[in-house]
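Heads up: the sequence shown begins at 25 in the numbering used here, then just goes up one per residue.
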Amino acid sequence: MASGNARYVRYVLFAFFTVLIFYFVTNTKYEGVDISKGTFATGSNQQSHDASKDTKPSTQKALTGDAKDFPLAMTPNDAGFNDLVGLAPGPRMNATFVTLARNSDVWEIARSIRQIEDRFNRRYNYDWVFLNDNPFDDTFKKVTTSLVSGKTFYGEIPKEHWSFPEWIDQDKAKKVREDMAERKIIYGDSIPYRHMCRFESGFFFRQPLMMNYEYYWRVEPSVELYCDIHYDPFRLMAEQGKKYSFVLSLYEYPATIPTLWESTKKFMKNHPEHIAADNTMKFLSDDGGDTYNNCHFWSNFEIGSLDWLRSKQYIDYFESLDKDGGFFYERWGDAPVHSIAAGLMLNKSEIHFFNDIAYWHVPFTHCPTGEKTRLDLRCHCDPKENFDWKGYSCTSKFFEANGMSKPEGWENQKD
Ligand SMILES: Nc1nc2c(ncn2[C@@H]2O[C@H](COP(=O)(O)OP(=O)(O)O)[C@@H](O)[C@H]2O)c(=O)[nH]1
Ligand SMILES: [Mg+2]
C-alpha cells in the first residue's frame, strides 16, 4: 500500500514537473542581449527623441583627456599611433555620423556600420543619426543600434522637406522626367531620388536630431573602408579649421545640371558678400568662372561642418537654387550643390582631402597613394583600383588649384 502510494506521489510529481517545463519553454521569450550603450526611440514620435537629454561630451571638452595632452597622432612616429586597442584617449568633438536610409536598406547599412566601427568608431563611440521619409521599423532600429558603439537616434523627415515646393509646375516637372527616362539618364525619371537630392542639399543638417551637433560624417549603405583610421577625423576638422572634406571627386553628368551654373552665377551676382576671397574657383571652372567644368566632390562620403551648412551664406545659396526649381526641372544632385558651395564660399584652407581614409562606393575606390601609407594603415584595397589620378577624377585639378604636390607614386596609378 505504502509503495503504491509512493508510486502515486512520484507520478504526480513527474506530471507536475513536465507541466512546469512545458510552461517555461512556451512562455520564455528570447529578448537578445543589448551589447551597446545605444538607445533608440520607439513608436511614431521618433523625431521627438531629445538628444540633448543624453549625456554626451561637448565640443573640445575632454572625455578622457585634454587635446593638449593627446595631440593627433598622424604618422607612425607620433605617440599613440599604433594604440588601436581600447577606447582612444583624448577629447571628443560634438559630432555624429548621419545616414539617410529606407527600412529596406538595413542590411546594406549594417555592412557600412560594421566597417566604420571596426576601422574607427569602436575606439571613439560617436553617435549615429538615421533619417528616413518613413518611420523606421523595429528591425532597422534593433540591428543598427546593436552595431553602433555610440548612441543611435532615428528621425522621421517632415513632409515639407521631402515633397514638391508649391512654386514647382507639376506638368513641366513630369515632362522633364519623361524626357530623361527616354534619354536613359540615370535616376532621370525618379521622383524620390529628386526629393533625396533636395533633402541632402538643403535639409538634413537642420533636422531636430542634428541641431545638437557641430560636425557630421555622412555614411551611405554598402560602402567600404579599407584602412585603419588612427586619429579622429572630426578633431582634425575642428583643430585645423576645416569645414568640408572629401575622398573622391569626379565629373558630373552634364545632362543632369544644364542650368545649375547659370543659377549659381545669378546667386554670385546677388550675393557677392558670400563669395570667399581665397576660394577654389579653379577646381570648378577652367575659364575663370564663365562655365562649370562639372567637377564635384563625391558627397556619399562627407565629413563637414554643420554650422557652415546652417550659415546664412549656405542657406541663401540653397534657397536661391531651390526657387529656380532645378531639383525638379532638371535633376540637380546634392554633390555638385555642396561642392560648388564649398568651392565658392569657403577659403582653400577650409576644404580637406582625406588621403588616409580609404573608401569605396560603387563603382569608385579611393585607395591611398604610397605603399608606406597603405602598410602603416593596414589597408586591404588594391592600389590599382585607386581612382584619384585617373582621367575621370577631378582630384588632380583639386591639387593643382591648391598648389599641392601629388603624393609620390601617383604616376603609376594614372590608368
Ligand atoms: N529614406 C530614403 N532614403 C533614400 C531614398 N532614396 C535614396 N535614399 C538614401 O539616399 C542615399 C543616396 O541614395 P543612393 O540610392 O545610394 O544613390 P546613389 O549613391 O546616387 O546611387 C542613400 O543613403 C540612400 O539610402 C528614399 O526614397 N528614402
Ligand atoms: Mg549610394
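We treat Cβ as the ideally placed atom computed from N, Cα and C, and that holds for glycine.
Chain-order list of residues whose beta-carbon lies under 6 Å from that of residue i (same chain, five-residue window excluded)
i, result
"A91", "P115"
"E132", "P245, S246"
"R242", "V122, E326"
"I209", "A279"
"D58", "With a pLDDT of 33 at D58, under the threshold of 50, the modelled position of this residue cannot be trusted; read the value that follows with caution. So the list is empty, once near-sequence residues are dropped."
"E276", "N318, H320, P360"
"F307", "C319, G367, K421, F422, A425"
Beta-carbon proximity check, residue i vs residue j, cutoff 8 Å
i, j, result
"L233", "F177", "yes"
"M369", "I281", "no"
"H295", "F227", "no"
"Y268", "I375", "yes"
"F378", "V271", "yes"
"A279", "R207", "yes"
"L345", "S287", "yes"
"C403", "P392", "yes"
"L108", "I137", "no"
"H362", "F321", "yes"
"D195", "A205", "no"
Residue i Cβ short of 7 Å to ligand 2 heavy atom set
i, result
"H295", "no"
"E244", "yes"
"N324", "yes"
"H320", "no"
"H404", "no"
"H390", "no"
"H362", "no"
Distance between residue j and residue i (C-alpha atoms, nearest Å)
i, j, result
"P431", "D340", "37 Å"
"C319", "L274", "6 Å"
"P365", "A103", "With the sequence shown as reference, residue 365 is identified as Ala, and Pro is not the correct amino acid for it. Near 37 Å, if we compare the C-alpha coordinates of A103 and A365."
"A112", "S420", "34 Å"
"N149", "F105", "18 Å"
"G179", "A125", "11 Å"
"R31", "K175", "59 Å"
"D203", "L260", "45 Å"
"T168", "D314", "46 Å"
"G89", "A97", "14 Å"
"F154", "E263", "27 Å"
"F352", "I192", "8 Å"
"E141", "K289", "41 Å"
"N436", "R398", "15 Å"
"F291", "P360", "15 Å"
"K438", "T389", "13 Å"
"P216", "N101", "48 Å"
"S187", "K198", "14 Å"
"K166", "D151", "15 Å"
"T99", "E190", "53 Å"
"L330", "Y211", "28 Å"
"M220", "K396", "39 Å"
"S335", "P182", "21 Å"
Contact set for residue i: own chain, Cβ-Cβ below 7 Å, skip 5 residues either direction
i, result
"F423", "K430"
"T163", "V130"
"R218", "F351, F352, R355"
"S309", "T315, Y316, N317"
"F411", "L272, F388, T389, H390, S417"
"G409", "First, the residue type needs correcting, since residue 409 is Glu and not Gly in the sequence shown. For E409, where only same-chain residues beyond five positions count, the Cβ hits under 7 Å are T389, C391."
8 Å Cβ shell around residue i - same chain, five flanking residues per side excluded
i, result
"K372", "D302, N303, T304, A425, N426"
"F94", "G104, P113, G114, P115"
"N158", "R126, N127, E180"
"D161", "N127"
"Y338", "W332, A365, M369"
"A139", "The amino acid at residue 139 is misidentified as Ala; the sequence shows Gln. The answer, listed in chain order, is V247, E248, L249."
"Y383", "V247, E248, L249, Y250, V271, L272, F325, T389, H390"
"G265", "S373, E374"
Proximity test, residue i beta-carbon vs ligand 1 heavy atom, cut-off 7 Å
i, result
"M495", "The structure shown does not extend to residue 495, since the chain is modelled only from 25 through 439, so no value can be given for it."
"A279", "no"
"N156", "yes"
"T126", "In the sequence as displayed, the identity of residue 126 is Arg instead of Thr. R126: yes, Cβ under 7 Å from ligand 1."
"P216", "yes"
"D213", "no"
"D129", "yes"
"T288", "no"
Cβ separation of residue i and residue j, assumed to be a contact under 8 Å, to the nearest whole Å
i, j, result
"D358", "S323", "5 Å"
"Y240", "F223", "Actually they do not touch by this definition, with Cβ atoms about 14 Å apart."
"Y316", "W285", "4 Å"
"V200", "E354", "7 Å"
"R135", "I253", "With 8 Å as the limit, R135 and I253 do not qualify as a contact, their Cβ atoms being about 17 Å apart."
"G433", "G394", "5 Å"
"S173", "N145", "6 Å"
"M428", "F258", "Not a contact, Cβ separation roughly 22 Å."
8 Å Cβ cutoff, residue i in contact with chain D
i, result
"R146", "Going by chain labels, chain D is absent from the structure shown, which holds only one protein chain."
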